Structure formats: structure tokens, C-alpha cells
Amino acid sequence: MGYVLKTKDMDAILKKWGGDAIIFAPVRYAGQSEFSGQDSIRYGAVKSIGDIVFDEKSSFTFKEALLPLCETLFYFTENSVKEADGKEKSAIIFLRSCDLHALRVFDEIYLNSGPADYYYARLRENARFILMGCEKSFRNCFCVDMGTNISQNYDAYIKLDEGNVHVDNKFDGWTADFESAAQSSATVTPDYVTDTDVHVRIPENLSLDVMDSNMWTEYDTRCINCGRCNFSCPTCTCFTMQDIHYTDNGWAGERRRVHASCMVDGFTDVAGGASYRQGNGQRMRFKALHKVYDYKKRFGYHMCVGCGRCDDVCPEYISFSTIINKLEQGMEEVTVNDEK
Amino acid sequence: MTRNEYVPFSSHVLQVTRHTAIEYTFRMEYSGELKPGQFFEVSLPKFGEAPISVSGIGDGTVDFTIRRVGRVTNEIFEKYAGENLLLRGPYGNGFDVEDYKGKELVIIAGGTGLSPVKGVVDYFSGHPDEVQGMTLLAGFKSPSDILFLEDFGRWKQTMDVILTVDFAEETDNSCQIGLVTEHIPQLKVKNKKEAAVIVVGPPVMMHFCAKGLLESTFSEENIWVSFERKMCCGIGKCGHCKIDDSYVCLDGPVFPYLKGKTLID
Ligand code: SF4
Ligand code: SF4
Ligand code: FES
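Here the protein sequences come in this chain order: R and W. Heads up, the first sequence is in the numbering used here, so the first residue is 975 and it goes up one at a time. Heads up, the second sequence is in the numbering used here, so the first residue is -13 and it goes up one at a time.
Rendered as C-alpha cells:
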């Protein structure tokens, strides 16, 4: 159902929800961008509509609400293990269409592939999602080509319009709140973009052979393996276990998991000392093919949602869409070599 | 409610055996279904969790062969006997001995690669009549790197054993000198086309062994390999073990060579 509300009435609803939920949304952190002098738009807890940045893209994503950057899993001693308590509050998350598609990737890996992840399931179970529309595309976006510009699976859609809030609600649990606060009912449909400045083409014949192309060499030196592209990516799901020891002998402590990046050193190190993909070029190949090739082979749709955040945050101005577009020539190069 | 796979259970360390300067086998309490080649996440104090393959299966026990490296370099592993360690698992597909029954079986292991496949060697050494013949070709860097030395004596009674080292200061008769690959052409196998072969070891070793086997007319489809990767979670979540579209922890670590050879990272 669609409604039009006064902003202050929407704020009252948010306040009510805030009783048992944390509301996560893109927030402006003035002057905190990695690029000097710019503001950083990242996720944070909000209390009112005015806290939320609707007209800019966030450089980090909602994923931290479901997979915290650093999460204690349990506490241990030699003989006992105590599971860490869950959050008291559930999460209500404001996000965009590309992000909702990214949520599908998280659910795929954390709930459906192999045994389900207890900690993710615990946060995911009561999480609600509020879609923010896109009137125009942002810099570096290529969602239309990735087929992620439209989403229907939101709990509510919210749009600001001249001091009013337009809502399309799909979650029964919220109907009464909106019914009682609405000025009027209305037909509200999400804004979405139908074209972007950036376009990508993923070659049909793409295969692992492209690893032998020279296209990766430039990233050996250009990329400084800082991992920012992974940490900002709404579909990067990897983590590493980390033990914190309370005692010198190491028998008591806690186990945490922290986000991990396949671009950063140590990602593949095995205990015996071996490690794979030493060069940043091949790490880039590994990341790129996961995003637009092998994930699809396994799960049937591409992992990358075309949000362009990896480009937004890269300190070396490396463009992922450019990499995708180089794959075609990369394939030509290795196929020609084959025929020789 | 979803089961919490990450919470380990506590298991008693029954015995710690030292093989080399840095390698030890921990015998620990465990009862439950288990296959050779599967792995557990073993929590080592000071180190954290590490994926360790099952190197032996006993009645109510499981063996793990563990290297003392990194932050545990100076730990005295012997003193762990009698303590408890945290474990979770088993994970991975492991070797299915049914795949090898009734066949001539060749097992080629390089270094610590012997651990994951040792359960298969043990099984057929106890049931020699279930294979048509069996050869174990095991290679180590030097005589002081040899693992499971005491088991080799037992294995020799029921199978052909070639124990080889890459180099040795002086030679006695206990092992030969040379890379495992150098022994492949001399393998005494009646029907190479039909024989089953398991190859486990470092990636380069597995690559050259497979090449050598194919040159000696063994069949690609009868070769199995096992991969070692940084398996953080063991359940397809952390991403560290992914190669192409495969997760070594979920789909492996044991792969038919035909699949394994496509997994290049
Ligand atoms: S591509 Fe850019 S953001 Fe990603 S690791 Fe390399 S330098 Fe960092
Ligand atoms: S790879 Fe880049 S464009 Fe694709 S989903 Fe991740 S951050 Fe967005
Ligand atoms: S070990 Fe974590 S995904 Fe395989």
C-alpha cells in the first residue's frame, strides 16, 4: 500500500521502531573521506529522516549491519565455550536497488550454500529493508547492464518529496503505523534508472584462460592491494577468523571474525607456508572473475551488482568497469595464443 | 534454529608423537563418522584455528598431524598430552575407499601430503584382499623430514612401498634418493590404464606427478588429488578456499583429477 506522510510523522514512526530496532542508513561524515576535503557517506544509526543522505551514493554499504566488520563469535577457555550474545535490537536497513540485489548474494552464501551461518541468520532473521530509489544514476554506476536497477523485494520504499515522505509498504507489521500517520493514500512506485553513463559488456566466451592475458600486468604495479575495493563492495562476503587471547598461555580468549580482502597479503596463506596469487594483477583477476564469471557458474547469476563503489573508493583510480570491458580483448588474446 | 557450526567442542589429547623437528601427531578423542582426507578445524592455543586433515582413524580416536610453525614455533607440543583442545568438524568430502576397491591402487604422497591419504593407506593395509595390488610411493625432502616412519614398517608387509627423499647427506638402505616423479616410470602395475592413483602433495609436485602418470599411460579419469588451502570456516562462507567456482571445503578437498586440473588459482 502507498501513503503520503509528513516528515515529522515519519520521524515519529522511526522513533517508535527505534524502540526495538537500530535503523541503519547512509549518513554524512563531514570531511572524513579518504579523498581529502570530501565528506564520507557511510552507514550509521539514524533517528530521523533528516539524518539520512538520499541524494548521494554511500561509499560503504549496509553489509556491516548483517556481517559486522569485527564480530565476536564466542569466548573460550580450555574446556568451555560460550557463544557471544546476539544484538538486543533487530536492524532496519535503508538501501538501494543494487544493494537489495547484493543481499541476495549474502543470503546465497551465508544461508543457502553449505550449512547456514548461525550469526548471519540471527541478524538476518528480523532485519527489514527499506528501498531508496534512484532518480538518476551516480558516478561509476552500471546497474542497468548488471540487471540490478529494479527491485521488488523490499519491505517498504521511501522517497522524499517537498517535505513529504512517500511510502510503498509491503510489510504487514508496519501497516498500522503508516495507516494511522498518513495524510493520504497514494500509488507509490520506486524510482529507478534506465540508463547509466558507464556500460559494461561481459564476453560470452569468458573463461579462466583469461588469467594468462597481459591485461592483468598493469595492476601488478598500479594496484597497491589496500583492499578498499573489497571492503566497500556490497557483494564481498569473505572473512577471516581471529583469536584474541586473554592469557599469555593462549588457553583463554575470544574468537572473532573480521572482513577479509582477496587483494590483501595473506588471504591464501596456508599453515605450511604456501601462498597463492602473489601478484596484485592475478589477485585482480581472481576478484574480477569471481564478480562476473565463476560466481555465476555456481549460482546462476552474476555477483557484481554494478554499484561502482569499488571505483569510487580506489585510491589508485582503478576502474572495475574498465576491467570488465577489457575481458573481451583479454579472451581474444589468449584464444589467438591457443591457436598458434 | 540454525545450528552454530562455529562453536567447537572440547576433545582430550590422548597422545602426542613427534615425527620430525617440527611435525607431531596428536591422537585425540573422537567418535563419529569419519573419512580419510576430511579435515577438522583445530584450535591451537596462541595460534588460533587451523584446518588439519585427519591422518589416522582409530576406535574412538582421530589423529592430526600438526606442524609447529608461526606463532607456535616454540610451543612444546608434548606437554599438550592430557590437555583438551577445541575442535570442529569433520569437514570436506574425504576419500571414499569404495572408489578404489577391487582395483590396483597407487598412492603417491609428497611430504605432509601423506597425512590426508594415510587413512586410505591404513585401510588397505588392513584389508589387502580388497585391492588387486597396492603401491605407496612417498617422498620427503630429506631423511629427517620423514613422517610416520614407524608405520612404513607395517605397510611394507602388505604393499609395495617406495620411500624416497630428495636428498640425503649419507645413505642407508631405509630409503631411496630422488624425486617421487622419477619413480613413476618404474611403478610395478599390471594394468596402468585401469589402475587407480591418488596423488597428494604440494601443487607443483601434484602437477608433475600427473604429467608423469599420463606419460606412463595411466588414465586421467582414474587419478584423484587432494588440495590444501587456507580453510578458515570449513563451511563455504569465508571464501579463502575458493578456486574458480569450487569451494575446496565444500566440494573437496578430494577431487577427481579431471576436475582438479581445472582448478588453477
Ligand atoms: S583495486 Fe584499488 S581499492 Fe582495490 S586493492 Fe587495488 S588499489 Fe586498493
Ligand atoms: S565489484 Fe564493484 S561494482 Fe561490483 S558490486 Fe562490488 S563494489 Fe559494486
Ligand atoms: S574454508 Fe571458508 S569458504 Fe571454504
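Each residue gets a CB set at the ideal place from its N, CA and C atoms; glycine is no exception. Values in this document were obtained by computation on a predicted structure and should not be read as measured data.
DSSP state of residue i mapped onto helix, strand, coil
i	result
G1135 of chain R	It should be noted that the sequence gives Asp, not Gly, for residue 1135 of chain R. Correct three-state label for D1135 of chain R: strand.
S232 of chain W	strand
A7 of chain W	coil
K245 of chain W	helix
G119 of chain W	strand
H1140 of chain R	strand
K1110 of chain R	coil
L1263 of chain R	helix
R74 of chain W	strand
K980 of chain R	strand
A1101 of chain R	coil
I1297 of chain R	helix
P1000 of chain R	strand
K1314 of chain R	Low local confidence applies: a pLDDT of 49 at K1314 of chain R is under 50, so the model's placement there is unreliable, and no value is given.
E27 of chain W	strand
G1147 of chain R	helix
E15 of chain W	strand
E136 of chain W	helix
A1130 of chain R	strand
D82 of chain W	coil
G1304 of chain R	helix
F1205 of chain R	helix
F1241 of chain R	coil
Q1 of chain W	strand
G125 of chain W	strand
S130 of chain W	helix
C1319 of chain R	Coverage of chain R is limited to positions 975 through 1314, which leaves residue 1319 of chain R absent and any answer about it impossible.
A1155 of chain R	helix
E180 of chain W	coil
Y1250 of chain R	coil
E61 of chain W	coil
Residue i burial status per 10 Å Cβ neighbour count (16 or more: buried)
i	result
N1223 of chain R	exposed
I1218 of chain R	exposed
E214 of chain W	buried
L1113 of chain R	Checking the sequence, you will find Arg at residue 1113 of chain R rather than Leu. It counts as exposed.
C235 of chain W	buried
T167 of chain W	buried
I163 of chain W	exposed
C1044 of chain R	exposed
Y1291 of chain R	exposed
S212 of chain W	buried
F(-5) of chain W	exposed
D994 of chain R	exposed
Residue interval of the beta strand (DSSP E) (run including residue i)
i	result
G42 of chain W	G34 to G44
R1016 of chain R	S1014 to A1019
D49 of chain W	T47 to R53
H1219 of chain R	F1213 to H1219
S212 of chain W	I209 to S212
S1022 of chain R	No beta strand (DSSP E) holds S1022 of chain R; DSSP gives it neither H nor E.
Cβ-heavy atom distance, residue i to ligand 2, below 7 Å
i	result
R1325 of chain R	The question about residue 1325 of chain R has no answer, for chain R in this structure spans 975 to 1314.
P1208 of chain R	yes
G1280 of chain R	yes
Terminal residues of the alpha helix (DSSP H) in which residue i lies
i	result
P102 of chain W	L100 to G112
P189 of chain W	P189 to E201
E1228 of chain R	First-last for E1228 of chain R: G1227 to H1233, but that is the beta strand (DSSP E), not the alpha helix (DSSP H).
S1039 of chain R	Inspection of the sequence shows that residue 1039 of chain R is occupied by Ala rather than by Ser. A1039 of chain R -> alpha helix (DSSP H) spans K1037 to L1040.
F153 of chain W	It is not in any alpha helix (DSSP H) - F153 of chain W carries neither H nor E in the DSSP assignment.
T1168 of chain R	Note, T1168 of chain R: premise wrong, no alpha helix (DSSP H); not H, not E.
E90 of chain W	Per DSSP, E90 of chain W belongs to no alpha helix (DSSP H); it is in the beta strand (DSSP E), E90 to G96.
F1080 of chain R	S1071 to D1081
Ligand 3 heavy atom lying under 7 Å from the CB of residue i
i	result
K223 of chain W	yes
C218 of chain W	yes
H1264 of chain R	no
V1363 of chain R	Because residue 1363 of chain R is not part of the residues shown, which for chain R are 975 to 1314, the question remains open.
H1233 of chain R	no
C1203 of chain R	no
beta-carbon residue i near ligand 1 non-hydrogen atom, thresh 7 Å
i	result
I1298 of chain R	no
P31 of chain W	no
I1317 of chain R	This structure cannot speak to residue 1317 of chain R, because chain R is shown only from 975 to 1314.
G119 of chain W	no
M1237 of chain R	yes
N1199 of chain R	yes
C1288 of chain R	yes
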